[in-house]
Amino acid sequence: MSAGPLTSSQRGLVYASAFFGITTESLIGMLLPLWALARGLPPAQLGIAVALASLSPLLLAVPAGALCDRYGDRQVMLWAGLGAGVTAALYPLAGGFLAACGLQLLGGLARSMSWLSAQSYAIRATPPGERNTFMGRFSFAGSVGMLLAPLAAGALVDWLGLTAGFLLMAVWGGLLAAVALPLPDRRDGAAEGTLWQVTGGAYRQALPLLAQASLMIVMLLTLLRLSAAAINASFYPVHLDQAGFSPAGIGLMFACINGAISVGSLGAAAVIRRSSVTRLLFGSIALSIVAISAVPFVVSPLAVGLLSALHGLGLGLSLPTLLSAIGRQTAPGQRGLVIGLRTLFNRLGYFAVPVLLGGLVHALGLRGAFVVSGCLILVPLAGTYAYLRHRRLTYD
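Set out below in structure tokens:
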């Protein structure tokens with residue numbers, strides 16, 4: 068089932084799906100540690116609970132993408148938003164570690180599918196000629212949500228307690244479902260099969276797509292981009308703490324990252340018009356890697372803020388550019404499946420880099436670990452660019 072061009076109000080709803088679809092992840096990242104402290108969970112159990120939120124998306128991202136192709140992005144967005152909302156509302160009722168593990172498995176999948184289906188809908192609904200600009204605005208809306216939602220939740224927790232923060236998260240998921248309701252259904256091609264046939268055959272359909280060199284490179288770039296982002300999600304705040312930054316100062320540095328992501332997302336289309344999709348893809352990912360790798364060598368707030376902003380700018384420029392490249396390299400009826408593959412590679416980066424960094428910090432110290440991990444990401448990035456030039460492949 069297909070529909071005509073999006074109206075202005077429908078475009079606004081698609082942007083809102085990014086605003087609500089990605090931000091439940093940032094909310095749980097802030098609220099779950101506070102919940103664990105309130106319940107007296109030891110650090111090891113908190114670590115397991117955090118990891119479990121990525122386990123189900125890692126295993127099921129590709130089947131989730133196949134569901135988008137079979138039943139429509141709108142339907143998946145609707146049910147995923149409701150799932151994210153319901154599981155969020157249950158955290159205040161959970162009494163201990165096992166309950167948290169169950170909620171993390173279910174909620175992690177629902178939150179991942181919320182963002183996956185929103186991305187798939189945006190790519191599917193946008194004509195190729197408008198995709199760069201549209202995906203830039205879509206990514207900008209998501210980054211603004213990631214900036215504002217934790218601030219609102221933090222204020223609510225300070226004012227009314229932890230339960231209020233989880234209720235805000237529940238409302239956030241419900242609002243994604245509300246956004247999905249009036250959107251027109253869009254399905255390209257007639258994907259068929261029962262629920263079990265679709266999910267069971269997802270990997271069989273998806274993995275052969277990686278034989279396309281241009282698509283495999285997009286997935287590798289996704290992995291390298293998220294590997295850079297995983298550095299700031301793990302040992303970046305450790306350096307700031309050791310450099311004497313207060314919790315408020317660390318929060319301000321994260322605001323520099325998220326604010327720059329918003330600027331980069333919004334400006335990506337303009338940069339592409341003056342350069343190219345291919346150059347911006349590689350240049351923006353390299354910028355984010357170099358900037359975050361240099362952070363341990365500076366301690367002044369101004370220098371850390373500048374490097375953090377450059378890191379965020381690279382992440383912001385690369386996200387809509389990657390989504391546009393995916394739209395160019397995939398058949399309409401496979402877009403959900405490919406977004407599922409992208410989510411799989413995202414989760415691999417978030418899994419691997421913190422573990423690698425932990426070992427490197429132990430062996431080399433913080434500065435050495437950042438430099439080595441940055442080089443380990445930059446070397447395959449440079450090799451991939453050389454291969455692309457040799458094969459004369461382009462995403463423009």
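Counted from 1, the sequence shown has number 224 at position 157 by the working numbering; the numbering is strictly sequential.
Just so it is clear, CB atoms sit at the ideal spot from N, CA and C, and this is done for glycine as well.
Cβ atoms of residue 387 and residue 335 come within 8 Å of each other, at about 5 Å. Nearest Cα to residue 139 within the set 204, 430 and 183: 183.
Look at the segment 290-367 and you find these whole runs of alpha helix (DSSP H), each 4 residues long or longer: 303-309, 314-341 and 344-361. The DSSP assignment places 90-106, 110-138 and 140-157 as complete runs of the alpha helix (DSSP H) inside the segment 86-173, in order along the chain (cut-off: 4 residues). Here the C-alpha atom of residue 245 lies approximately 45 Å from the C-alpha atom of residue 454. An exposed status is given to residue 225, since fewer than 16 other beta-carbon atoms sit within 10 Å of its beta-carbon. The C-alpha of residue 346 lies about 10 Å from the C-alpha of residue 338.
Residue 154 holds the alpha-carbon nearest to the alpha-carbon of residue 230 among 154, 189, 119 and 283. Residue 272 sits in a helix when the DSSP states are folded into three classes. In this structure, 305 is the residue among 380, 305 and 404 with its C-alpha nearest to the C-alpha of residue 317. The three-state secondary structure of residue 228, taken from DSSP, is coil. Straight through space, the alpha carbons of residue 85 and residue 186 are spaced by roughly 7 Å. Restricting attention to 206, 232 and 119, the CA atom closest to the CA of residue 79 is found in 206. Within its own chain, the residues whose Cβ lies closer than 8 Å to the Cβ of residue 324, once the five positions on either side in sequence are excluded, are 299, 375, 376, 378, 379 and 382, listed in chain order. Straight-line spacing of the CA atoms in residue 413 and residue 293 works out to 6 Å. Counting only the Cα atoms, residue 163 lies some 42 Å from residue 351. If the five residues before and after residue 105 are omitted, its C-beta is found closer than 7 Å to the C-beta atoms of 229, all from its own chain and listed in chain order.
Taking the C-beta atoms as reference points, residue 172 is found nearer than 8 Å to residue 122. When DSSP states are grouped into helix, strand and coil, residue 204 belongs to the helix group.
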